[in-house]
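Undergrad:
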Amino acid sequence: MRALLAWVLVALSTVASAEPRLLVNGREVAGNTSSLIAGTSYAPGPALAQALGADLVGDSGRDVVTLQAGGRVLQLGLVDPGAQPPAAAVWLDGRPLAGGPAVRHEGEVFLPVKVVAEALGASVTYLAPEDTVLVVQPRARLTAMQLREAGGERLELTLSAPVRYSTFFNEPVGTLHIYLERTDIETRVPPVEGVGLTAASATAKAGAVEVRVQVRPGGAYHVYAVPDGRGFKLNVSFDARADGPVAAKLLVILDPGHGGSDPGIVSGGLGSEASLALAFAERLAIALEARGMRVLLTRRSDAPVSVPERSRVGATADLFVSLHAADLDLGDFRAYYLGDAGNVASLETAVRENAAAAARDAGAQAGTDALRRELLLGLVPDLDVGRRVAEGLAGRLFAIGGYRAETLASAPLQVLGGAAGRGVLFEFSPADLASDGLADRFAEAVDQLVRGGVIGKAP
Ligand SMILES: [Zn+2]
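With the working numbering as the guide, the letters of the sequence shown map in order to residues 1150 to 1608.
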């Protein structure tokens, strides 16, 4: 009897330890396990990242791991097995995503297969009969190669899916080679000619695409990726020419929140939201002007400015940014664009930030309701631009400075009414607003979106 029981236990443990196979793009990734978190496939981080064409970077100091692929930045919290997972554990381009964290196991980082693969554009299927997790990434197509003049000369490659790319500059002959893995060329992508580059052409090579760019002698270039729908745009920017980048003509209006008898939130040691936002807006204005943009502030002192007045001023902006402090962890921010409230929290934010107009909650609620009606009736134009700008800024802030969007949502914010889709409202932690680095990083994020064509002249 005892022998039989022992046999049964051995058999059971054998079943329990049988792990599903993991196939990524047809190749097996070893070490897949569903025992770290029951029912969830976890794979060794370096092997999974490699198979998905992503670069994996650990950050031991912050207990996060970062994957980069095709212009996307995916970040996961890192926990020990059995630890309580954090409320938010996954961020894509700085925006929170549903899913569990990465797990430390036997000295290695294990990543949740489904969350990571889907975030990087792959589809995930479990084949029960074969006990196999199947991950398939679409091959990318190079659909366009264009020369853009906005913000200096820029070669823009449009890719339909995130893929790994690498560059090599052959200095003696001045040729920049860009290799796009797992990529095909859609129909014919004609060569282009420009000033900072003499010519660029794309050719298919062994399942990949090679783009050759002939750079003018002495010309400098910079390669960067920006997410674009399901794919991304790979940009090669060249020296700005003397004939005036678009950035020089853009008007950015900064709106330091609150002021006068309305201090906003008050942070011990760092002063009021009104004073923090004003000081930050002044530093941000300098950083934006250094990048060639024109900047106006809705207030330059503690004198009160009404919300309708701020909104009215915002109507002339190519980009309107309302700046606020909120009770947030260092490095976290909330970004809002104009629209109806997607959830209760963003409606609460709208009522709070609208409250300056009326000083009475009932009045603020009435103003919020009136704006919500306009939004629902479709009377506010360009709303989709606001979402793209807010998402773009959130993604850039993450890529440049590691700032994370605790919230990215639409809200019926009266102050954005004038600028409509060209307006965004950001809330940062008081410590970030007071810090040295944020203004310059925010300005860099704006500049990259201008160069990427996401922010342009108002129609
Ligand atoms: Zn505020």
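For each residue, glycine too, the CB sits at the ideal point set by N, CA and C. Since we're looking at a predicted model, the values are computed, not measured.
With DSSP as the reference, identify every bridge partner of Ala-1475, one or two as the case may be.
TA: None; Ala-1475 has no bridge partner.
Undergrad: Are the beta-carbon atoms belonging to Ala-1369 and Lys-1382 less than 9 Å from one another?
TA: no
Undergrad: My output table needs one value for Arg-1461: the three-state DSSP class, helix, strand or coil.
TA: helix
Undergrad: Would you mind listing the beta strand (DSSP E) stretches within the segment 1287 to 1372 that are 3+ residues and don't spill past its ends, in chain order?
TA: 1289 to 1297, 1303 to 1308, 1314 to 1319, 1324 to 1329, 1332 to 1334, 1346 to 1354 and 1357 to 1364
Undergrad: Within 10 angstroms of the Cβ of Asp-1377, are there 16 or more other Cβ atoms? Answer buried if so, exposed if not.
TA: buried
Undergrad: Ligand 1 heavy atoms versus the CB of Gly-1413: any closer than 8 Å?
TA: yes
Undergrad: Rounding to the nearest angstrom, what Cα-Cα distance links Val-1454 and Asp-1404 in this structure?
TA: 10 Å
Undergrad: If you measure from the CB of Gly-1406, is any heavy atom of ligand 1 nearer than 8 Å?
TA: yes
Undergrad: What separation, rounded to the nearest whole angstrom, lies between the Cα atoms of Arg-1303 and Gly-1605?
TA: 15 Å
Undergrad: When you measure from the CB of Arg-1331 to every non-hydrogen atom of ligand 1, does any distance come out below 8 Å?
TA: no
Undergrad: Report buried or exposed for Phe-1317, applying the criterion of at least 16 other Cβ atoms within 10 angstroms of its Cβ.
TA: Exposed: under 16 other Cβ atoms inside 10 Å.
Undergrad: Do you know offhand how far Ala-1508's Cα is from Phe-1469's?
TA: Here Ala-1508 scores only 47 on pLDDT, less than 50, and its place in the model is too uncertain to base an answer on.
Undergrad: Pull up the DSSP beta-bridge partners for Asp-1547, would you.
TA: According to the sequence displayed, residue 1547 carries Phe and not Asp. None; Phe-1547 has no bridge partner.
Undergrad: Looking at C-alpha atoms only, which residue of Ser-1421, Ser-1460, Ala-1353 and Ala-1348 is the closest neighbour of Thr-1336?
TA: Sorting Ser-1421, Ser-1460, Ala-1353 and Ala-1348 by C-alpha distance to the C-alpha of Thr-1336 places Ala-1353 at the top.
Undergrad: If you reduce the DSSP assignment to three classes, tell me which class Ser-1410 lands in.
TA: coil
Undergrad: Suppose you measure from the CA of Ser-1416 to the CA of Arg-1432; what does that come to, to the nearest Å?
TA: Separation of Ser-1416 and Arg-1432 (C-alpha to C-alpha, rounded to the nearest whole angstrom) is 20 Å.
Undergrad: May I ask you to report which of helix, strand or coil DSSP gives Thr-1498?
TA: helix
Undergrad: Report all residues from its chain with a CB closer than 6 Å to the CB of Asn-1384; omit the five preceding and five following residues, and keep chain order.
TA: Once the five neighbours on either side are set aside, the close Cβ partners of Asn-1384 are Arg-1303, Glu-1305 and Tyr-1373.
Undergrad: Answer yes or no: do Ser-1578 and Asp-1481 have a C-beta to C-beta separation smaller than 9 Å?
TA: yes
Undergrad: If you draw a straight line from the alpha carbon of Gly-1219 to that of Ala-1452, how long is it in whole angstroms?
TA: 46 Å
Undergrad: Following a CB-centred definition, is Glu-1255 positioned closer than 8 Å to any heavy atom of ligand 1?
TA: No - ligand 1 has no heavy atom lying nearer than 8 Å to the Cβ of Glu-1255.
Undergrad: May I ask you to list the residues that DSSP assigns as paired with Ile-1604?
TA: In DSSP, Ile-1604 forms no bridge with anything.
Undergrad: Mind checking Ala-1594: buried by the 16 CB within 10 Å criterion, or exposed?
TA: When all chains shown are included, Ala-1594 counts as buried.
Undergrad: From the DSSP output, in three-state form, read off Ala-1612 for me.
TA: Lying before the first or after the last residue shown, residue 1612 is absent from the chain, which here runs from 1150 to 1608.
Undergrad: Which value, in whole angstroms, describes the spacing of the CA atoms of Asp-1212 and Pro-1230?
TA: 13 Å
Undergrad: Would you call the segment 1586 to 1602 in contact with the segment 1491 to 1502, where contact means no fewer than 3 C-beta pairs closer than 8 Å?
TA: Between the segment 1586 to 1602 and the segment 1491 to 1502, the count of C-beta pairs closer than 8 Å stays below three; the two stretches do not touch.
Undergrad: As an exercise, report each continuous beta strand (DSSP E) stretch of at least 3 residues that is fully enclosed by the segment 1189 to 1254, in chain order.
TA: Unbroken beta strand (DSSP E) runs of no fewer than 3 residues, entirely contained in the segment 1189 to 1254, are found at 1189 to 1193, 1204 to 1208, 1213 to 1218, 1221 to 1228, 1239 to 1241, 1244 to 1246 and 1251 to 1254, following chain order.
Undergrad: Given a cut-off of 9 Å on the beta-carbon distance, is the pair Ile-1402 and Val-1444 in contact?
TA: yes
Undergrad: Return the CA-CA distance between Phe-1575 and Leu-1225, expressed in angstroms with no decimal places.
TA: 23 Å
Undergrad: Could you have a look at Asp-1392 and say whether DSSP puts it in helix, strand or coil?
TA: Its pLDDT being 35, under 50, Asp-1392 is placed unreliably by the model, and nothing is read from it.
Undergrad: Going by DSSP, what residues sit across from Glu-1257 in a beta bridge?
TA: His-1254
Undergrad: Considering only DSSP beta bridges, list what Lys-1382 is partnered with.
TA: Thr-1307 and Val-1375
Undergrad: Return the CA-CA distance between Arg-1361 and Ser-1350, expressed in angstroms with no decimal places.
TA: 5 Å
Undergrad: Does any C-beta atom of chain D lie closer than 9 Å to the C-beta of Gly-1323?
TA: Absent from the structure is chain D; it holds one protein chain and no more.
Undergrad: For the segment 1190 to 1200 and the segment 1166 to 1181, state whether three or more C-beta atom pairs, one from each stretch, are separated by less than 8 Å.
TA: yes
Undergrad: Once you ignore the five residues that flank Asp-1283 on each side, which residues in its own chain have a CB closer than 8 Å to its CB?
TA: Correcting the residue type first, residue 1283 is Leu in the shown sequence and not Asp. The answer, listed in chain order, is Leu-1172, Val-1273, Thr-1274, Tyr-1275 and Leu-1276.
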